[in-house]
Every structure is written in structure tokens, then in C-alpha cells.
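Visitor: In numbering that gives the first Met the number 0, the protein residues as written are 0 to 250. Note that the Cβ used here is the ideal one computed from N, Cα and C, for glycine as well. All values reported here derive from a predicted model rather than from experimental measurement. Take this structure first; my questions come after.
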Amino acid sequence: MTNVQYTLGWDETAMRFLTRRTLDSHGAFFVPYLAAGMHVLDCACGPGSITQGIARAVAPGAVTGIDMSASQIEMATARAQGEGIANAMFREASIYELPFPDASFDAVFSHALLEHLGEPVRAAKECLRVLKPGGVIGVATPDWDGFIVAPETPELVAAVRMYREAQDRNGGDTRTGRKLGTILRDAGFVAPRMQARYENYDPSRIIGEVISLQLQRDGHDRLAEVVREWQTDPEGLWAQAWVSCVARKPA
0 MTNVQYTLGW DETAMRFLTR RTLDSHGAFF VPYLAAGMHV LDCACGPGSI
50 TQGIARAVAP GAVTGIDMSA SQIEMATARA QGEGIANAMF REASIYELPF
100 PDASFDAVFS HALLEHLGEP VRAAKECLRV LKPGGVIGVA TPDWDGFIVA
150 PETPELVAAV RMYREAQDRN GGDTRTGRKL GTILRDAGFV APRMQARYEN
200 YDPSRIIGEV ISLQLQRDGH DRLAEVVREW QTDPEGLWAQ AWVSCVARKP
250 A
């Protein structure tokens with residue numbers, strides 16, 4: 000996928016982090032817009048844990064999940080087959096060049112993708128193209144300006160800042176959450192509706208393992224150790240601000 004470098008990566012630690020996400024836990028804002036018989040596109044489906052929930056919600060309709068990583072497509076396919084979900088299909092593809100005709104889907108969903116993109120409006124325009132007139136899009140992404148970490152120390156703050164800088168350096172934007180409505184409107188969608196929620200990581204190691212590993216990859220060994228020490232604190236808090244936005248393609 001052009002202009003994308005996925006900061007989280009696809010190692011075992013990242014997979015533990017991603018597979019815990021479900022439609023109910025991370026896509027609940029979009030559930031009211033799903034109905035039986037719909038055809039849905041899930042962009043950046045990852046291991047397919049949210050996609051499976053979409054498949055169940057729209058049966059006997061279908062969902063197609065795309066991801067830029069072949070390993071994620073293989074994992075998502077195997078997981079769906081293992082769960083006996085026959086109405087979920089997966090293929091390797093770029094959100095910048097969706098391999099589908101115009102007006103192919105009733106709905107498009109994307110979770111935790113736009114913050115990694117250098118050209119989110121371009122991606123949103125491609126989603127608009129494959130939606131049917133009047134179709135709905137739902138996107139969600141964190142906004143790092145809303146994070147709460149405690150107990151707060153200068154080193155822990157520095158660790159969070161270094162992780163943010165890595166994602167921004169990779170071409171993303173850690174403040175994308177607050178921009179979702181503007182992104183979708185600029186792409187041609189109408190009536191964007193935004194909301195926000197907090198995800199509290201319990202136990203703290205769920206997020207601590209991911210952050211510390213990336214810091215270590217970037218050579219920040221001391222800051223990685225700070226995060227590992229923090230995640231053992233029973234009073235530790237990491238609250239992540241998620242922003243979601245739902246909008247329509249003009250009828």
C-alpha cells in the first residue's frame with residue numbers, strides 16, 4: 000500500500016493486541032448501521048476479528064475484508080473458516096486502489112487505519128467510489144492528544160512522545176481522530192457525525208508490550224524499560240481516546 004508504513008507491525012505481540020478487538024468492543028458505533036443482507040467492505044481488516052462480527056451482523060449478506068499484509072489475509076481467512084463463517088471473504092489490497100467496481104457495497108468500515116495514512120482524503124474518496132449512493136461509511140481512530148497515562152512521570156511522557164514521533168515519521172498523524180469529519184467531508188461524504196470514547200487497558204501490559212517493543216526497535220532501550228516497569232504498577236492507567244465518525248455518500 001503506497002504511503003503507508005504500519006508502525007504497530009505484525010509480530011506476535013501486535014497480533015495479541017489486535018485479535019482482542021471485536022465488533023462489540025471496537026466497532027459498536029457502527030452496529031446500528033448494519034442490517035441483514037448488506038454487503039460491507041472492511042478496510043484494513045487485520046486478523047479479521049472485527050470482520051467476523053460484521054459477517055454475523057449482515058448474514059445472509061457478506062463482508063469483504065482487505066489488508067495490505069498477505070499474512071493478515073491468511074490469518075483472517077483461517078480464523079473465519081475455523082469459526083464456520085462462510086460469508087466473510089478476504090483479499091490483499093490497497094485502500095488507495097480498491098479492486099472493486101463503483102457502487103459495489105452498501106457500507107464501508109475501517110478501524111485504526113486512517114491515522115497511518117499520508118493521504119487519508121484520497122483513501123476516503125476511494126471508499127466513496129465503491130459505495131452505493133446513500134451508502135454509509137464508519138471509521139474510527141485514536142487521537143493521541145487525548146491519552147491519559149498515570150502515574151505520570153517525565154520518562155513515561157517521553158516514551159509516549161517517542162512512540163508518537165515514530166508514527167508521525169512513518170507518514171501517519173496521531174491527531175487524526177479529531178479530523179475524521181473534515182476528512183470525510185473533503186472526500187465528498189455528507190452529514191458526518193462524530194463521537195468519542197475511552198478504552199482503558201486492563202491489564203496495562205496489553206498496551207505496554209506494544210509500546211515498549213516499538214521503542215526498543217527504534218533504539219530507545221531506556222524508555223522501553225520505563226514502559227515495562229510502569230505496566231507492572233497495579234495503579235497504572237493507560238486510557239486511549241478513540242474518535243469515530245459515520246457519514247453518507249450522497250444519494
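Keeping to the same chain, check which residues put their C-beta closer than 7 Å to that of arginine 15; ignore five residues upstream and five downstream.
Guide: Cβ within range, chain order: n/a, list empty.
Visitor: Which same chain residues end up closer than 8 Å to leucine 33 when comparing Cβ atoms and leaving out the 5 residues on each side of it in sequence?
Guide: If we look at leucine 33 and ignore the five residues flanking it on each side, its Cβ neighbours are Val39, Ile53, Ala56, Val57, Ala106.
Visitor: Whose CA, out of Trp241, Ser103, Gln194, Pro249, lies closest to the CA of threonine 173?
Guide: Residue Trp241 is the option with its Cα nearest to threonine 173.
Visitor: Tell me the DSSP secondary structure of alanine 251 in three-state form.
Guide: It is not possible to answer for residue 251, since the shown part of the chain is limited to 0 through 250.
Visitor: Between which two residues does the beta strand (DSSP E) carrying histidine 38 extend?
Guide: Unbroken beta strand (DSSP E) run through histidine 38: 38 to 42.
Visitor: Give me the Cα-Cα distance between glycine 171 and arginine 121, rounded to the nearest whole angstrom.
Guide: Approximately 14 Å, taken between the alpha carbons.
Visitor: In chain order, what residues of the same chain have a beta carbon less than 7 Å from the beta carbon of valine 148, not counting five sequence neighbours either side?
Guide: Hits under 7 Å: Leu155, Val159, Leu236, Trp237.
Visitor: Does the separation of the CB atoms of leucine 113 and threonine 152 fall below 8 Å?
Guide: Not in contact: leucine 113 and threonine 152 (Cβ atoms no closer than 8 Å).
Visitor: Under three-state DSSP, which class holds phenylalanine 16?
Guide: Helix at phenylalanine 16.
Visitor: Let me check understanding here. Comparing Cα to Cα, which of Ala195, Ser103, Leu212 lies closest to cysteine 126?
Guide: Checking every option, the nearest Cα to that of cysteine 126 belongs to Ser103.
Visitor: If I follow the unbroken beta strand (DSSP E) through valine 161, where does it start and stop?
Guide: As written in the sequence, residue 161 is methionine, which differs from the valine given in the question. Counting along the chain, methionine 161 falls outside any beta strand (DSSP E), though it belongs to the alpha helix (DSSP H) covering 153 to 168.
Visitor: With a 10 Å radius around its C-beta and 16 neighbouring C-beta atoms as the bar for buried, classify glutamine 194 as buried or exposed.
Guide: Looking at its Cβ environment, which holds fewer than 16 other Cβ atoms inside 10 Å, glutamine 194 is exposed.
Visitor: Contact between the stretch 59 to 66 and the stretch 218 to 237: three or more CB pairs below 8 Å?
Guide: Verdict: no, contact absent.
Visitor: Do isoleucine 72 and phenylalanine 89 come within 8 Å of each other at the CB atom, strictly closer than that value?
Guide: Yes, the Cβ-Cβ distance between phenylalanine 89 and isoleucine 72 is below 8 Å.
Visitor: Less than 8 Å between the C-beta atoms of lysine 124 and alanine 186, yes or no?
Guide: Cβ atoms of lysine 124 and alanine 186: closer than 8 Å.
Visitor: Helix, strand or coil for aspartate 66, going by three-state DSSP, please let me know.
Guide: It is a strand residue.
Visitor: If I follow the unbroken beta strand (DSSP E) through valine 245, where does it start and stop?
Guide: Taken as a continuous stretch (DSSP letters only), the beta strand (DSSP E) holding valine 245 covers 236 to 247.
Visitor: Measure the beta-carbon distance from phenylalanine 146 to glutamine 213 and round it to whole angstroms, keeping in mind my assumption that it falls under 8 Å.
Guide: That pair is no contact at about 15 Å.
Visitor: Within its chain, find whatever has a CB closer than 7 Å to the CB of valine 30; leave out the 5 residues flanking it on each side and keep chain order.
Guide: Leu22, Ala56, listed in sequence order.
Visitor: Short check: CB of valine 138 to CB of serine 243, under 8 Å?
Guide: The answer is yes: Cβ separation under 8 Å.
Visitor: Provide the residue span of the alpha helix (DSSP H) that contains alanine 186, from first to last.
Guide: Residues 179 to 186.
Visitor: Can you give me the C-alpha to C-alpha distance between methionine 161 and serine 211, rounded to a whole angstrom?
Guide: Cα to Cα, methionine 161 sits roughly 11 Å from serine 211.
Visitor: Using the Cα positions of asparagine 2 and leucine 116, report the straight-line distance between them to the nearest angstrom.
Guide: The predicted model places asparagine 2 with a pLDDT of 46, which falls under 50 and marks its position as unreliable; any figure quoted below should be read in that light. Cα-Cα distance, rounded: 6 Å.
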